[in-house]
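Asks: Mind the numbering: the sequence shown is residues 138 to 666 in our numbering, read in order.
Even for Gly, the Cβ is constructed at its ideal location relative to N, Cα and C.
None of the values given here were measured: they were computed from a predicted structure.
Please see the structure below; I have some questions.
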Amino acid sequence: MYVPLLLTDFLDRAVKLYGDKTAVIDDEKVVTYFELNERVNRLSHGLQELGIEKGDKVAILAPNTLEMLEGFYGAFQLGAVTVPLNIRLKPNDYLFILNHSETKVLLVDYELYGLIDPVRDQLNVEQIIIHGGSKIKFEENDLDYDEWLTKYPAKPFDRAEIDETDMASLLYTSGTTGDPKGVMLTHRNNYLQALQVMHHLRVSDQDVLLHVLPMFHVNGWGSIFYYTGNGATQVMLRKTRPNIIFEKLQKHGVTIMHMAPTVLNSLLQYYDENKLNVNQNVRVVIGGSAPPVTFIAKVEEEMGWEFIQVYGMTETSPLTLTSIIRAQHLDEPKEVQYRMKSKAGYQMSLTEVKVVNEQDEEVAPNGQEIGELVIRSNGVMEGYWKNDKATNEVIRNGWFHTGDMGVVDSDGNIEIVDRKKDVIISGGENISSIEVENILYEHPAVVEAAAISIPHEKWGETPHAVVAVRDGETVTEEEIIAFARERLAHYKAPTSVSFVEELPKTGSGKIQKAHLRNEFWKNKNKMVN
138 MYVPLLLTDF
148 LDRAVKLYGD
158 KTAVIDDEKV
168 VTYFELNERV
178 NRLSHGLQEL
188 GIEKGDKVAI
198 LAPNTLEMLE
208 GFYGAFQLGA
218 VTVPLNIRLK
228 PNDYLFILNH
238 SETKVLLVDY
248 ELYGLIDPVR
258 DQLNVEQIII
268 HGGSKIKFEE
278 NDLDYDEWLT
288 KYPAKPFDRA
298 EIDETDMASL
308 LYTSGTTGDP
318 KGVMLTHRNN
328 YLQALQVMHH
338 LRVSDQDVLL
348 HVLPMFHVNG
358 WGSIFYYTGN
368 GATQVMLRKT
378 RPNIIFEKLQ
388 KHGVTIMHMA
398 PTVLNSLLQY
408 YDENKLNVNQ
418 NVRVVIGGSA
428 PPVTFIAKVE
438 EEMGWEFIQV
448 YGMTETSPLT
458 LTSIIRAQHL
468 DEPKEVQYRM
478 KSKAGYQMSL
488 TEVKVVNEQD
498 EEVAPNGQEI
508 GELVIRSNGV
518 MEGYWKNDKA
528 TNEVIRNGWF
538 HTGDMGVVDS
548 DGNIEIVDRK
558 KDVIISGGEN
568 ISSIEVENIL
578 YEHPAVVEAA
588 AISIPHEKWG
598 ETPHAVVAVR
608 DGETVTEEEI
618 IAFARERLAH
628 YKAPTSVSFV
638 EELPKTGSGK
648 IQKAHLRNEF
658 WKNKNKMVN
């Protein structure tokens with residue numbers, strides 16, 4: 138028997154088994170799964186009347202809200218493709234993405250409506266619909282979402298014929314050079330990703346998820362599928378502010394959150410400054426740059442939360458590795474376990490990951506030999522939208538080449554040592570920017586840090602530190618350099634330091650090293666010496 142794996146299955150299951158259970162808490166808006174399904178049906182009927190058909194693109198530009206969540210399922214019922222948009226882009230970025238994706242309908246939050254106005258005359262979008270449109274003035278041909286939605290019935294929608302190989306979401310990666318690329322993920326990609334992740338994260342109907350990670354970021358790491366399918370309660374977060382996160386955490390009995398390391402860092406600072414008493418079991422799932430071991434110890438020992446490190450990319454749906462401690466290591470000392478948890482980890486089920494050298498041979502599992510992570514799984518994208526050349530560059534011989542460099546220890550744990558483009562090559566020596574950053578974070582005055590390469594007349598390039606200083610602290614360039622030289626081989630230590638109030642970040646909270654490097658290399662023909 139063949140039954141296609143469709144993302145609509147997740148909401149269907151929740152309605153059937155958890156219809157009267159609270160599905161979403163979005164400030165004053167609280168809906169059950171039955172009510173969520175009714176809103177989704179109204180949206181599907183409305184999109185159908187606008188002419189949306191199978192394969193058409195529906196873009197969503199919104200923070201984490203009830204309307205954002207229902208937008209996915211409303212589009213899926215028509216066989217339409219969602220295009221979640223990063224809320225931190227510039228108007229010209231939206232112009233490129235919306236036209237390149239051939240988006241027909243744009244759903245946009247009232248707070249972000251102004252980002253579309255400067256380019257709307259150049260857009261090929263047929264209809265703009267505004268979440269919370271009653272709160273602002275808008276163009277005559279645009280629609281107020283709430284008012285528009287009430288015109289359509291809540292009755293079940295007659296769904297399009299969809300196959301699991303049909304595209305479900307088109308996700309644009311933030312390009313460091315050139316235009317962003319649209320990652321095509323199918324129903325099958327997202328569905329199997331949901332099954333493997335909910336297994337590893339132990340998701341259940343007793344969970345309360347606080348949507349800290351933006352839902353535009355690879356469908357919130359797929360969280361909109363596996364928390365929905367398990368009937369978990371989902372608490373929305375419009376602004377990623379520590380005080381609001383802690384308030385919602387305690388008010389709603391949150392049990393799990395996903396976020397970038399920079400967001401966790403801000404929570405730790407707020408926790409310290411406000412002497413909070415957080416007596417609550419919480420799993421905090423972190424993905425991005427490797428966190429310092431001191432972060433993990435603080436989360437688990439002082440806050441009493443469980444720290445879970447994951448690794449993934451948009452092109453792999455996204456998650457492929459986890460650092461959850463395996464049974465054979467549960468008797469190891471805490472310090473050893475924290476070191477394991479700081480690594481990207483081992484492959485999740487349904488996924489094959491290895492680290493290979495330039496001859497595509499697996500590196501020795503000695504924690505020393507560096508290679509590139511390559512992935513083979515049902516989560517790997519179909520390719521980049523309208524960009525076969527870029528697709529063929531990363532998918533070769535049945536493996537997706539991540540561009541991330543790593544080492545493997547004797548237990549099979551993978552540690553990311555850098556992005557290919559972030560490795561600093563000084564005097565012919567490879568320097569891991571992540572290793573340098575971990576040392577910088579040990580300094581008591583440092584709240585954020587990035588290590589990048591800058592041009593150097595003798596060595597070609599040299600490590601440079603960009604640092605944000607903790608409130609109330611002072612530190613000099615000389616002190617930072619001396620601190621690093623005491624803890625690193627001298628060639629790895631920064632030779633100069635810049636101080637900033639805050640490091641630039643992507644919409645998901647990752648530090649934008651390319652943005653920092655550009656300032657130092659802008660007068661060079663290429664970003665390597």
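Where does valine 573 sit, in a helix, a strand or coil, going by DSSP?
Replies: Against the sequence shown, residue 573 aligns to sequence position 436. Helix, per DSSP.
Asks: Helix, strand or coil: which one does DSSP assign to arginine 556?
Replies: Start at 1 with the first residue of the sequence shown, and residue 556 comes out as number 419. Note: arginine 556 maps to strand in three-state DSSP.
Asks: Spatial neighbours of arginine 325 within its chain, please: CB distance less than 7 Å, with the 5 preceding and 5 following residues excluded, ordered by chain position.
Replies: Position 188 of the sequence shown, counted from the first residue, corresponds to residue 325. Excluding sequence neighbours, arginine 325 sits near Leu142, Glu301, Thr302 and Asn515.
Asks: Going along the chain, which residues of its own chain have a beta-carbon closer than 6 Å to the beta-carbon of tyrosine 407, five neighbours each way excluded?
Replies: Taking the sequence shown and counting its residues from 1, the one referred to as residue 407 is at position 270. So the list reads Pro379, once near-sequence residues are dropped.
Asks: Could you have a look at proline 398 and say whether DSSP puts it in helix, strand or coil?
Replies: Locating residue 398 in the sequence shown gives position 261, counting from the first residue. DSSP places proline 398 in helix when its eight states are reduced to three.
Asks: Under 8 Å by Cβ, that's how I've got glycine 366 and alanine 397 pegged, so tell me the actual separation to the nearest angstrom.
Replies: Residue numbering aside, residue 366 sits at position 229 when the sequence shown is read from its first letter. Residue numbering aside, residue 397 sits at position 260 when the sequence shown is read from its first letter. About 24 Å; that fails the 8 Å criterion.
Asks: Between Leu249, Val140, Ala602 and Gln465, which has its C-alpha nearest tyrosine 231's C-alpha?
Replies: Taking the sequence shown and counting its residues from 1, the one referred to as residue 231 is at position 94. For tyrosine 231, the nearest C-alpha among the options comes from Leu249.
Asks: Output the boundary residues of the beta strand (DSSP E) element that contains alanine 605.
Replies: Start at 1 with the first residue of the sequence shown, and residue 605 comes out as number 468. Taken as a continuous stretch (DSSP letters only), the beta strand (DSSP E) holding alanine 605 covers 597-606.
Asks: Using CA atoms only, rank isn't needed, just tell me which of Thr459, Ser460, Glu552 and Gln496 is closest to proline 502.
Replies: Here residue 502 refers to the residue found at position 365 of the sequence shown. It is Glu552 whose Cα lies nearest to the Cα of proline 502.
Asks: Tell me, which residues are paired with glutamine 264 by DSSP?
Replies: Walking along the sequence shown from the start, residue 264 turns up at place 127. Looking at the DSSP assignment, glutamine 264 forms a beta bridge with Val242.
Asks: Beta-carbon within less than 8 Å of glutamine 496's beta-carbon, same chain only, minus the 5 sequence neighbours each way: which residues are those?
Replies: To locate residue 496, count along the sequence shown from 1; it is residue 359. So no residue of the chain qualifies.
Asks: So, for histidine 466: in the same chain, excluding its five sequence neighbours on each side, which residues have a beta-carbon less than 7 Å away from its beta-carbon?
Replies: Along the sequence shown, read from residue 1 onward, the residue named residue 466 stands at position 329. Cβ neighbours of histidine 466 beyond the five flanking positions: Gln474 and Met477.
Asks: What does the alpha-carbon distance come out to for the pair glutamate 439 and isoleucine 445?
Replies: Counted from its first residue, the sequence shown places residue 439 at position 302. Counted from its first residue, the sequence shown places residue 445 at position 308. Each residue's Cα considered, the two are about 16 Å apart.
Asks: If you measure between the beta carbons of alanine 151 and tyrosine 170, is that distance less than 8 Å?
Replies: On the sequence shown, residue 151 is found 14 positions in, with the first residue counted as 1. On the sequence shown, residue 170 is found 33 positions in, with the first residue counted as 1. Yes.
Asks: Judging by CA-CA distance, which residue of Arg257, Lys166, Ala291 and Val220 is the nearest neighbour of asparagine 278?
Replies: Indexing the sequence shown from 1 puts residue 278 at position 141. Cα-wise, what sits closest to asparagine 278 is Arg257.
Asks: Can the beta-carbon of phenylalanine 294 be found less than 8 Å from the beta-carbon of glutamine 214?
Replies: Here residue 294 refers to the residue found at position 157 when the sequence shown is read from its first residue. Here residue 214 refers to the residue found at position 77 when the sequence shown is read from its first residue. The answer is yes: Cβ separation under 8 Å.
Asks: Is isoleucine 617 closer than 8 Å to proline 600 when the C-beta atoms are compared?
Replies: Stepping through the sequence shown from its first residue, residue 600 is reached at position 463. Stepping through the sequence shown from its first residue, residue 617 is reached at position 480. No; because the gap between Cβ atoms is not below 8 Å, this pair is not in contact.
Asks: What residues in its chain sit with their C-beta under 7 Å from that of valine 400, if we drop five residues either side in the sequence?
Replies: Here residue 400 is taken as the residue at index 263 of the sequence shown, counted from 1. Excluding sequence neighbours, valine 400 sits near Val349, Thr377 and Gly646.
Asks: To the nearest whole angstrom, what separates the beta carbons of serine 633 and glutamate 610, a pair I think is in contact under 8 Å?
Replies: The residue given as residue 633 occupies position 496 in the sequence shown. The residue given as residue 610 occupies position 473 in the sequence shown. Between glutamate 610 and serine 633 the Cβ distance is about 20 Å, and since that is not below 8 Å, they are no contact.
Asks: Return the CA-CA distance between aspartate 559 and asparagine 174, expressed in angstroms with no decimal places.
Replies: Residue 559 sits at position 422 when you count from the first residue of the sequence shown. Residue 174 sits at position 37 when you count from the first residue of the sequence shown. Between the C-alpha atoms of aspartate 559 and asparagine 174 there is a straight-line separation of about 45 Å.
Asks: Tell me the residue span of the alpha helix (DSSP H) that contains tryptophan 658.
Replies: In the sequence shown, the residue the question calls residue 658 occupies position 521. Where tryptophan 658 is concerned, the enclosing alpha helix (DSSP H) stretches over 650-658.
Asks: DSSP on tyrosine 309, reduced to helix/strand/coil?
Replies: In the sequence shown, residue 309 corresponds to position 172, counting from 1. Strand.
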